[in-house]
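Counted the way the working numbering counts, the sequence shown spans residues 547 to 1094.
The structure under discussion appears below in the form of structure tokens.
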Amino acid sequence: MKRRSLSCVLCALMLVFQACKKNEEPGAKPENASAQNPVTDINKSSGLKVDITPGAYGTYQLINSENNKTGQIAGLSVTNYGTGDIADYKGNAHQKWRITYKGGAYFTFMNLGSGKMLESFNYNGKQELVQNNVSGNDSQLWRIIQISDKKYSITNKASNLTITGNPAGRILLTAYAAKPAQLWGLNVLTTAAYRDDIVNNFFRRRLPSQGSVAFDQGSSTPLSWGANNGKVLWVTQDAYDGSMLKSSTNANLKCGFFQYNNSMMIQPSISDWNPDNTPNITIPNSAQRRPRQVVDNQPGADWSWPGVCVEIGNKVYVHNGEGKGLGMLNQSLFELTQAAGTEWTTKRLTPAGMSGQTETNFSIGFVKPGDGFVYSFGTKGAGFNGSDLYVARFPVTDPLSWTYWNGTAWTTTRSVATAAKIGHGQQNLTVGYLNGKYILMQLDLGFFCDPGKHNIYLATSTSPTGPFTAFKEVFTIEDRYRGHLNRYYTPMIHPESVNGKNELLLTYSLNFGSGCAGVGDDNCVNNEQPSTNYQVKGVRVPYSLIGL
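Here you go:
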């Protein structure tokens, strides 16, 4: 990226700062943002080192001058209007900020734990510091003024109020008076993963006409065929229809069960995250008379849960689990034939070795690396919350011709022998592919009451048969349901969702309860259910964290 010197920018912006005091100079500097360790002394902080190029950003710790405490979003909040406070630095994502230069004299502050922007918000006639969805408004733009070598003031463009530390409670917005509580140290940190609020709002579908509005799972595949070139197919499992929304202004759900066991949607491009532009796929002649349920339930089964998928020509092949209650009875491969519109057709296939058995569940990854094959990754349970990992493949020219890795060769006989195992992990696994590497994603078990660990981990391999590197922790899930950690599961990797920042999109699903007594199964309060607690959530991980 071409960089401009600070002096040139200051010349262009001189009039903007005429009203500032003599010692108040713009704080941005042209140095590269080289990370250092967190600090507990403002005098040891790095200072602001974001390049003066619109869009340049860095990850920072904010240290209050009055007491060397760190500015954070309070209570690990991931919701709009969460407030800030100051605390000892512990290294969680809610204590880290992406500071982005927006041009002129202004910056934005995105909290990594929530993915939301700091905002000066008018609450009952008083300006409060909150986090909110990105808006681009002046209320989310902040002027950073360097007061001394290591100290800065941070003032809102819209309200002209300054962020002010408060040891007794939430961080305030007050008129600038050069108080120690109004001065902050900025300390560059290593780039880190963050919750992607734009992606999360994509799944917060709010219109009754949108079809699927709340669901779990959420796999995806990029499309390149014909009229669908550049679009993305998203696949869900149990889904609530838009008719279950309370109203056009209340996106919570009416009490009751979901309307279909799966659904699929077409995103117009990898950069269009407006849910209004992403319609449902339908099928003709639905066996269950649910045209928005793309994969029919099979005789003797009461659910079909499609998952990972891959495009080959004008077809999309989707792994499908078929079961009753919470038990899987069979698995199959569904062939979807694309159309220029939103009505597609389907065909059920039963590849030998994969279908007709449930010992190895090939639901966790379809990878097409460009060598003429699609690799299908599967798991077999291995003790409590454990899974052994296996791999099969089929040629792109024949999706019914599966072969299975036995440790030394690809054969037509599926094996779960020790030699055939290519890895091991917890129960919640998925596999993706990017930049020549197979990526294994793992979640800590998220179905019990307030688990001690609730993290996302990644490992990589240069071969579909492994070995994989050791898992690396990249993010901590902090979604809450009635005061407890929300149930979460179904990890997914979305390599196609490129955002121009060398960041990998991961998702997981929430499922209402927490597993805690009195909270886990009672979803309905005041005749409604919070739809956001049964939706897919996104996290962006810098490629550099895992060697991509």
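We treat Cβ as the ideally placed atom computed from N, Cα and C, and that holds for glycine.
Everything numeric in this text was worked out from a predicted model, so none of it was measured.
DSSP-derived helix/strand/coil call for residue i
| i | result |
| --- | --- |
| S909 | strand |
| G1093 | coil |
| T828 | strand |
| N774 | helix |
| F940 | strand |
| Y722 | coil |
| Y669 | strand |
| K590 | helix |
| Y627 | coil |
| Q641 | helix |
| P821 | helix |
| T1015 | coil |
| M900 | coil |
| N702 | strand |
| P754 | helix |
| S794 | coil |
| V1085 | strand |
| N1079 | helix |
| S681 | coil |
Boundaries of the alpha helix (DSSP H) in which residue i is found, first to last residue
| i | result |
| --- | --- |
| F923 | Element bounds for F923: not the alpha helix (DSSP H) but the beta strand (DSSP E), F919 to G927. |
| V745 | D743 to F748 |
Boundaries (first-last residue) of the beta strand (DSSP E) holding residue i
| i | result |
| --- | --- |
| D787 | V778 to D787 |
| N678 | K672 to N678 |
| I1002 | N1001 to S1007 |
| D631 | G630 to A633 |
| E523 | No answer is possible for residue 523: it lies beyond the span of the chain, which begins at 547 and ends at 1094. |
| D762 | S758 to P768 |
| L989 | K983 to L989 |
| T736 | Careful: T736 lies outside any beta strand (DSSP E) and carries neither H nor E. |
| V962 | No beta strand (DSSP E) holds V962; DSSP gives it neither H nor E. |
| F1058 | Counting along the chain, F1058 falls outside any beta strand (DSSP E), and DSSP gives it neither H nor E. |
| K870 | K861 to K870 |
| G873 | G873 to T883 |
| R894 | T891 to L895 |
| Q972 | G969 to Q972 |
Residue environment, residue i, which counts as buried when at least 16 other CB atoms sit within 10 Å
| i | result |
| --- | --- |
| P726 | exposed |
| V1085 | buried |
| S817 | exposed |
| V1175 | The displayed coordinates of the chain run from 547 to 1094. Any statement about residue 1175 would go beyond what the structure contains. |
| L718 | buried |
| D905 | It is Glu, not Asp, that sits at residue 905 in the sequence shown. Result: exposed. |
| P897 | buried |
| P852 | buried |
| L872 | exposed |
| N833 | The question names Asn, yet the displayed sequence has Ala at residue 833. Result: exposed. |
| K870 | exposed |
| D784 | buried |
| L935 | buried |
| N683 | exposed |
| F908 | buried |
| R835 | exposed |
| Q763 | buried |
| S623 | buried |
| Y786 | buried |
Residues near residue i in its chain [Cβ-Cβ closer than 6 Å; skip 5 each side]
| i | result |
| --- | --- |
| F749 | Q1081 and V1082 |
| M811 | W780, T824 and N826 |
| Y1034 | G992, I1023, Y1054 and L1056 |
| S592 | Q582, N733 and V734 |
| T795 | none |
Residues bridged to residue i [DSSP beta-bridge criterion]
| i | result |
| --- | --- |
| N1048 | None, per the DSSP bridge assignment. |
| W1103 | With the chain covering 547 to 1094 only, the question about residue 1103 has no answer from this structure. |
| M811 | W780 and N826 |
| Q618 | D631 |
| E1114 | Nothing can be reported for residue 1114, as the shown portion of the chain is limited to 547 through 1094. |
| I1039 | L1052 |
| W730 | N610 and Y698 |
Close Cβ partners of residue i (< 7 Å) along its chain, the five nearest in sequence each way excluded
| i | result |
| --- | --- |
| L735 | A581, P584, T605, Y606, Q607 and K642 |
| P997 | D990, L991 and L1031 |
| A620 | G628, T629, G630, D631 and R716 |
| R550 | Low confidence applies here, because R550 scores a pLDDT of 29, under 50, leaving its location unreliable; read the following figure in that light. I598 and T599, listed in sequence order. |
| T1078 | R750 |
| S815 | G776 and K777 |
| T1011 | V937, W951 and I968 |
Neighbourhood of residue i by C-beta distance below 8 Å, restricted to the same chain and skipping five residues each side
| i | result |
| --- | --- |
| G772 | N860, Q884 and A886 |
| T1006 | K983, Y984, I985, L986, F1014, T1015, I1092, G1093 and L1094 |
| Q1111 | Because the chain here runs from 547 to 1094, residue 1111 falls outside it and cannot be looked at. |
| S681 | M663 and E665 |
| A965 | N952, G953 and T954 |
| S933 | T925, K926, G927, H970, G971, Q972, Q973 and L975 |
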